[in-house]
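There are 2 protein chains.
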Amino acid sequence: MASDPAYAEAVAAHSEFELLSHASVENIKEWSPTVKGATSATLTKTLFVKPKTAKSDPTVFYMIVALETSEFSITAVGQALKLKEARIAAEDAIRSNLGVDKDHVTPFALAKLTDKSTVKVVVDSSLQSLAESTALVFRGLTSDKSVVITRESFQKYLDAVGNEVVPLDFSSLTGSSAASGPKASESKAEAPKKEAPKKAPASAAIAETAAKEATIGIDAKKEDDFSTWYQQVVVRSEMLDYYDISGCYILRPWAYKIWKEIQGWFGTRIEDLGVEDCYFPMFVSKRSLEREKDHIEGFAPEVAWVTKAGDSELEEHIAVRPTSETVMYPYYGKWIRSHRDLPLRLNQWNNVVRWEFKYPQPFLRTREFLWQEGHTVFATKEEAAKEVLEILDLYCRVYEELLAVPMVKGTKSEKEKFAGGLYTTTVEGFIPTTGRGIQGATSHCLGQNFAKMFDIHVLNEKQEKQYVWQNSWGLTTRTIGVMVMVHGDDKGLVLPPRVASIQVVVVPVGITAKATAEERASIENKAEEIAKTLSQAGIRVKSDTRDNVTPGFKFNHWELRGVPIRLEVGPKDLKANSVRSVLRYNGAASSLPLDGLAGAIKGLLEEIQENMFQKANAVRQSRTVRLESWNGFVKTLNAKNLVLVPWCEAVDCEDAVKERSAKETLEELKESQDARAPSMGAKSLCIPHEQPQENPLVPGTTKCFQCGKDAKSYTLFGRSY
Amino acid sequence: MASDPAYAEAVAAHSEFELLSHASVENIKEWSPTVKGATSATLTKTLFVKPKTAKSDPTVFYMIVALETSEFSITAVGQALKLKEARIAAEDAIRSNLGVDKDHVTPFALAKLTDKSTVKVVVDSSLQSLAESTALVFRGLTSDKSVVITRESFQKYLDAVGNEVVPLDFSSLTGSSAASGPKASESKAEAPKKEAPKKAPASAAIAETAAKEATIGIDAKKEDDFSTWYQQVVVRSEMLDYYDISGCYILRPWAYKIWKEIQGWFGTRIEDLGVEDCYFPMFVSKRSLEREKDHIEGFAPEVAWVTKAGDSELEEHIAVRPTSETVMYPYYGKWIRSHRDLPLRLNQWNNVVRWEFKYPQPFLRTREFLWQEGHTVFATKEEAAKEVLEILDLYCRVYEELLAVPMVKGTKSEKEKFAGGLYTTTVEGFIPTTGRGIQGATSHCLGQNFAKMFDIHVLNEKQEKQYVWQNSWGLTTRTIGVMVMVHGDDKGLVLPPRVASIQVVVVPVGITAKATAEERASIENKAEEIAKTLSQAGIRVKSDTRDNVTPGFKFNHWELRGVPIRLEVGPKDLKANSVRSVLRYNGAASSLPLDGLAGAIKGLLEEIQENMFQKANAVRQSRTVRLESWNGFVKTLNAKNLVLVPWCEAVDCEDAVKERSAKETLEELKESQDARAPSMGAKSLCIPHEQPQENPLVPGTTKCFQCGKDAKSYTLFGRSY
């Protein structure tokens, strides 16, 4: 590996690893015993497989990556992938495709591969479900060195090299005797296949439910293993389920309701601004899609193409919209004939498809997602610029006022702006657990670029052809994922009251085995009565009077789902004419008098909403560090902070920041021998619209933290999703 | 033609035509002069074209159908279709593909073609935009007979034979000197290409607008040329625009708002029933799609397939959902584990794709459309059956209470039910102008069929595996098209108040050229003030104070768009402290006092809504004719009625009804020598839930109107969309 600088560089640019020196091994059989003695990292194995392929078809190889302890047959893997007669590839095929011999098959050979379509990577879920920080060891390119890399960094590496990754649960394979990892059960796309023996005798209903109880909680810790924690929270809270097409997810009512709340709030506000809803087809012809070159370059690799209808090949292939600029603007050109047709302000709520080959992640990176896309046209740049900020402000309020997630409003750097647009404004969030920034939503001024491509113009007073000014802006279901990541805890989801499907759950408690039927009924009736009172006051409430589960089960059930307030009603409470409230976000319990309960609950919901935001905002503030020079930049990043620095705003300088921070992180890592590698290089998140007031930037004097040229702004840098 | 019975039969089954005898013609050049003398029908020409095709690809031929007077070059047509070197096909290719010689090329040869994918039909828009009743004459299969057929029947014939039809505006072709039909300008998919010279000097704004005024109205008459009228109404009212992919349309705000009203009303009601919204992926894997055989057979020919992402071929082809049974039910099987998980009642509002090759029609038959689909699961058949009817009732109310369109609730015959389901209930509408029925929305009981396929079960009290009972139900944007067809008139759209984006438009009038600035301002201010008052009362109102168009222009503008009430405010009205109201649906004008105007308008809007429904309902009632036997059945149909008859409900009897009614119509047509052919055979629309009370069916005594066996019900038959 070290012998091939180009290769080492490719890997280093994408992720972090360290080389483990050991006794030279002659062949792959010797590797395991040799390496086991040299590291405590978890061993892996990599196989290179070829299915039988018709001569007319191009061969696609499969690189199988699994834990060294995983037992499986290549036949079973092949069957699960619907491959014909999968076999270990012949030596010459390995050499010609990976550039290594059969004893050096390693995922790191993929970095040099130019045609990514020739090799797909199959990763066993039991590897994939290990904690992010788990150190893995892979075969290297030379006989005496192996590669140690965290599971998280390995995933990033795979994302970066860009081969298609197919997750597969090896433990579910026919005839497989392998034990899967303890958390493998929900973390992949094969969900429908993997049903555990699911039916139990109905007479044992309570026992069954008790057993279920043990598995419905979250067993991963947010701080220890964030990615497993996240998967468990979104699946077990019933927000989402995995689907049998990778990168597509099912939005269940518990999540969809949040989207509806966002739609209602944002939809009303843009309607007030004069924006109208419409619906354009989801298909776009090749010629329309390709009309704006920069734009299509940004999207082309991810476009899904419809080429067949029934058994017929389509004459012209049709793209599924990745976004609708090229769908809509030809018609804008047709409809807009004079100043009187301006402004034109349309919006649609729809689904779009971006067929990314990187690791998908629920809500954050999905191949199909839901969003709204606004597409507006103005006569002047000023009007367009004004709207860009109005919309950005609404996006910020969706996060801050509905989801209680703090955002920073700013403008994207030249490198990070929307393909084909003039400038991009953004709201940037922060995920404290990983220390990374995350783009929340973007509002673009497209300038006149699309107007020129699609000939959208009016005549001005001097009868001159005048191209219009355009904006586009979008907010996606990613919002929900950000909310989960920011507020969730080790018990599961924590929902801000404004978007919670159920804001209050009422649970009867203290009904002992000795209780009479009347005692039981009186408590349950009280619970129902309280729920009714609250419901009439406009509070979204549910009383959980199930008789087949314990109060403890119900507590867990609703905590996992993030319901903001639990009200417990028991015999003592009844006597005291009160009820016990427990708040989800901080666990605080208190007694509330039944008189005036609805008013008290309403106040409490508002208080929770505000406090959740303040709590998240305080964390964010404390983790945004201002620096004036490169000194300490990487250390600050590595301590999971965002960094605010004076910057020249040049594209090549941003490239340098990324490269330099990646390299330094790597060096730091080697020194510390810490296998828990932090992430790859930093990028600019945004140039905040609110610039520092204290010691502000002095033009011509303040210098760029990286290159030393004149700084143009204080810019927020960070690692990012 | 008469010499080939199989062929004549195929055509007759699909549509109506008559044979025109004439002097025998030796070759195609002689045909025109010969036929011209023998008929007043419009002559056509048909060419058979072959593009250059790579040897590895299958050849697709193009049959070009145009008016005989149309001038175009095959090269230009080929370019527009992106064909390589299109040429008239060689004689042997014509013979082997169409079974005719080069002098008998005719669209009617397509009926015998077994592989529909080998020939696409290109129809010139100037033919397509002729009135439906226009008689066309085509070359026949023998030398001395030609085929006379109405444009409408010809279209039906093309629909029925099933070859892909590509509409093309020959007048827009490069280098074409052909004059296109007068109404060709908006009636096809090539919209963006066809912009007329669109910019005029701004100083001539009023003149320009006046010119525009002349073209924005509807020039086709609803009764004379229904299909052109419909296209003009939906396009010129700005409800919809044509898109550059055939069968896909743009829903503009004026139509989309109606959809939103429907969503709001129906969404609230199903939420009250306990149905929750969710979102499933729009992609479905081949293996899931194909799991229920009957179901997939119903949809397979129309499924759009994604086979590529970026430049990569996908391992497994992925279907775009034509409906979501097979998308959702694998997960239902996973989620439902006990009785306590039932009922499961989910709904989604989304887009689906059915790639039909028939002629598309805005709102009614589109390749992508919007709908809601409910998918629910119950423990018992009784619960499922109850919901089926609850939902059907809501569908009926959407049409009747929101869209003021009368419906008949009923159950579909075995032949017409949903593929894979147990039974289908439906609301059936009626389009008086064509005398045809139209399916409004369907609510299916799926029974246990899908449950068995997808293993969705619970255990009953006896520990026995018990499959669940399922329903699915859907309402689409077709609703909007039905509303347009029922209420629209020669001035354009007529909107029922409850779904109108704008319920009232206020127009200043009587401002003469001599009016002072103050006089003008006082009237305009009054108009604004009235609008404000109404708006505050919750009425959707707009004041049209544009100063570049006349009041007459505004009247036309808002009439075309169907706004229910126009209020005119002029100097006289001001003096009388009143305003003049004109109702869109019946043209009634009256004077309303300004005092208490909001209350009066609210009452008026309700009255309009009710009257529009009553008016449509009266027409429908008068056009639903009860018969007891076959006698008069076809005549009644041909007089544009629906027919209620006692029926045995057998599938073969329904087939016989269709065939027999088609044949008789044809005979009638020949006798009457009427080129205005009515439509093809009749089918059952539904078995109405409300059966006749007067002289009701007597089991064992009342006989089937067609076959004479015992009748099971009175069933509604008709020609149908």
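As they're listed, the protein sequences go chains P and W. For what it's worth, full-length UniProt numbering labels the leading residue of the first sequence as 1, then goes sequentially. For what it's worth, full-length UniProt numbering labels the leading residue of the second sequence as 1, then goes sequentially. Ideal Cβ placement from N, Cα and C applies to all residues, glycine included.
{"Asked": "Residues of the segment 296-326 of chain W with a CB closer than 8 angstroms to any CB of chain P: list them in chain order, please.", "Found": "A300, P301, E302, V303, A304, W305, V306, T307, K308, A309, G310, D311, S312, E313, E315, E316, H317, I318 and V320"}
{"Asked": "Which chain P residues are close to P253 (chain W), counting only those with a beta carbon under 9 angstroms from its beta carbon?", "Found": "E276, D277, C278 and L346"}
{"Asked": "Would you give the residue range spanned by the beta strand (DSSP E) that S684 (chain W) belongs to?", "Found": "K683 to P688"}
{"Asked": "Just to make sure I have the definition right: I need the residues of chain P whose C-beta is within less than 8 angstroms of the C-beta of L422 (chain W). Which are they?", "Found": "Ordered by position in chain P, no residue passes the 8 angstroms Cβ test against L422 (chain W), which lies about 24 angstroms from the chain."}
{"Asked": "In this structure, does DSSP put Y359 (chain P) in helix, strand or coil?", "Found": "coil"}
{"Asked": "What residues in the segment 361-390 of chain W bring their beta carbon closer than 7 angstroms to a beta carbon of chain P?", "Found": "E368 and L370"}
{"Asked": "Rounded to the nearest angstrom, what separates A513 (chain P) and D341 (chain W) at their Cα positions?", "Found": "26 angstroms"}
{"Asked": "Can you list, in chain order, the residues of its chain with a C-beta nearer than 6 angstroms to that of P362 (chain P)? Leave out the 5 residues immediately preceding and following it.", "Found": "V234, L240 and Y249"}
{"Asked": "Can you name the start and end residues of the alpha helix (DSSP H) that K334 (chain P) belongs to?", "Found": "E325 to W335"}
{"Asked": "Compare the C-alpha of T114 (chain P) against each of P:S125, P:P571, P:L98 and P:P33 and name the closest.", "Found": "P:L98"}
{"Asked": "In the structure shown, what three-state DSSP assignment does H444 (chain W) receive?", "Found": "strand"}
{"Asked": "I'd like to know if D219 (chain P) contacts chain W, where contact means its C-beta is closer than 9 angstroms to some C-beta of that chain.", "Found": "no"}
{"Asked": "Is P343 (chain W) close to chain P, meaning its C-beta is less than 9 angstroms from at least one C-beta of that chain?", "Found": "no"}
{"Asked": "Tell me the DSSP secondary structure of N556 (chain P) in three-state form.", "Found": "helix"}
{"Asked": "Can you find the residues in the same chain that come closer than 6 angstroms, C-beta to C-beta, to A205 (chain P), ignoring five residues on each side of it along the sequence?", "Found": "Unreliable positioning characterises A205 (chain P) in this predicted model, as indicated by a pLDDT of 38, which lies under 50. The coordinate reading is nonetheless provided below. Around A205 (chain P): N548."}
{"Asked": "Quick check: residue 722 (chain P) and L644 (chain P), are their CB atoms within less than 9 angstroms of each other?", "Found": "The first residue shown for chain P is 1 and the last is 721, placing residue 722 (chain P) beyond what the model contains."}
{"Asked": "What's the gap between the Cα of M407 (chain W) and the Cα of T624 (chain W)?", "Found": "12 angstroms"}
{"Asked": "Is the beta carbon of T39 (chain W) less than 9 angstroms from the beta carbon of A131 (chain W)?", "Found": "no"}
{"Asked": "Which residues of the segment 221-253 of chain P have a Cβ closer than 8 angstroms to any Cβ of chain W? Give them in chain order.", "Found": "D241, Y243, D244, I245, C248, Y249, I250, L251, R252 and P253"}
{"Asked": "Got a sec? Which residues, its chain only, sit under 7 angstroms from W630 (chain W) by beta carbon, not counting five neighbours each side?", "Found": "F705 and Q706"}
{"Asked": "Buried or exposed for Q609 (chain P), going by 16 or more other Cβ atoms inside 10 Å?", "Found": "buried"}
{"Asked": "Just the chain P side, please: which residues come within less than 9 angstroms of M282 (chain W) by C-beta, in chain order?", "Found": "C248, M282, V320, N351, V353 and E368"}
{"Asked": "If you check the beta carbons only, do I74 (chain P) and A86 (chain P) fall under 9 angstroms apart?", "Found": "yes"}
{"Asked": "Given a threshold of 16 other Cβ atoms within 10 Å of its Cβ, counted over all protein chains shown, does H487 (chain W) qualify as buried or as exposed?", "Found": "buried"}
{"Asked": "Less than 9 angstroms between the C-beta atoms of E428 (chain W) and C686 (chain W), yes or no?", "Found": "yes"}
{"Asked": "Given this structure, state the Cα-to-Cα distance separating L592 (chain P) from K683 (chain P), to the nearest angstrom.", "Found": "49 angstroms"}
{"Asked": "For H295 (chain W), which three-state DSSP category applies?", "Found": "helix"}
{"Asked": "Residues of chain P with a CB under 8 angstroms from the CB of S32 (chain W): which are they?", "Found": "Ordered by position in chain P, no residue passes the 8 angstroms Cβ test against S32 (chain W), which lies about 31 angstroms from the chain."}
{"Asked": "With a threshold of 16 other CB atoms inside 10 Å of the CB of K412 (chain P), please say whether the residue is buried or exposed.", "Found": "buried"}
{"Asked": "Apart from the five residues on each side of it in sequence, which residues of its chain come closer than 7 angstroms, Cβ to Cβ, to S227 (chain W)?", "Found": "E132"}
{"Asked": "Three-state secondary structure (DSSP) at E18 (chain P)?", "Found": "strand"}
{"Asked": "So which residues of chain W does G117 (chain P) contact, with C-beta pairs closer than 8 angstroms?", "Found": "In the sequence as presented, Gly is not what sits at residue 117 (chain P); that position holds Ser. Within chain W, the residues near S117 (chain P) are D311, S312 and E313."}
{"Asked": "Near L402 (chain P), which residues of its chain fall below 8 angstroms by C-beta distance, leaving aside the five closest residues on each side in sequence?", "Found": "E261, I262, W265, P496, R498 and V499"}
{"Asked": "Which residues in the same chain have their Cβ closer than 8 angstroms to the Cβ of W229 (chain W), if we skip the five residues on either side of it in sequence?", "Found": "I218, A220, K221, K222, G488 and D490"}
{"Asked": "In whole angstroms, what is the alpha-carbon distance linking T479 (chain W) and M680 (chain P)?", "Found": "53 angstroms"}
{"Asked": "Distance check for E694 (chain P) and N617 (chain P), CA to CA, integer angstroms please.", "Found": "20 angstroms"}
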